[in-house]
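Numbering (my numbering), first residue to last: 525 to 667.
The beta carbon of each residue, even a glycine, is placed where N, CA and C say it ideally should be.
Keep in mind the model is a prediction, meaning the values are calculated, not measured.
Data block below; observations after.
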Amino acid sequence: MEHIEEFQKLNIRVKNIPEEHRIDVFIGTLKDNIQHDVCLWEPDSLEKAFRLARKMERKIMATKKHTTHNYKDGSVVVPSLPQPIRLTPQQLEEKRAKGLCYSCDSKYTKGHKCVEKKLVYIDCEEEEEKEQERSKEEDILQE
């Protein structure tokens with residue numbers, strides 16, 4: 525935690541200040557969400573206050589990693605989800621014939637990676653239904 529290192533540098537320069545006051549000053553300079561949690565534990569030494577602050581920061585960082593929301597200044601911001609691009613069998617065939625990537629329209633080569641990530645929905649259901657109808661017709665004709 526960068527904040528602790530900065531505080532320690534300043535703390536070395538200051539003389540004749542009681543430990544209790546140093547603890548209060550340190551806690552008072554923490555971010556609100558960390559400050560509140562550290563205060564609840566009532567640390568009796570600066571080292572304990574440092575350890576608690578580090579633990580609280582790790583806890584907050586772990587919580588942020590396991591959520592689908594982005595936290596910014598205490599408010600919740602819901603991430604925008606990409607809208608899928610729907611490709612018909614005809615569009616797929618055109619892109620395949622031209623050697624283009626289905627997603628980004630760049631030339632497709634082995635190991636290709638799209639510059640911008642997109643969600644692509646490939647609609648092959650129509651083609652599958654036609655094939656099923658053809659096979660049913662063939663079965664009827666064979667009978």
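Contacting residues, own chain, Cβ-Cβ under 8 Å from residue i (five flanking each side not counted)
i    : result
S569 : E543, I547
L576 : D561, V562, W565, P567
Rounded C-alpha distance that separates residue i from residue j
i    : j    : result
K619 : C625 : 7 Å
K634 : F574 : 51 Å
L564 : I551 : 11 Å
R582 : H636 : 37 Å
H527 : A586 : 19 Å
K520 : K588 : No statement about residue 520 is possible, as the shown extent of the chain runs from 525 to 667 and does not include it.
Own chain residues within Cβ distance below 6 Å of residue i, not counting five before or after
i    : result
C638 : S627, C628
N-terminal and C-terminal residue of the alpha helix (DSSP H) that residue i is part of
i    : result
N535 : 526–537
K622 : 613–622
D548 : 543–552
V562 : 556–565
Paired residues, beta bridge with residue i - DSSP
i    : result
K631 : L624
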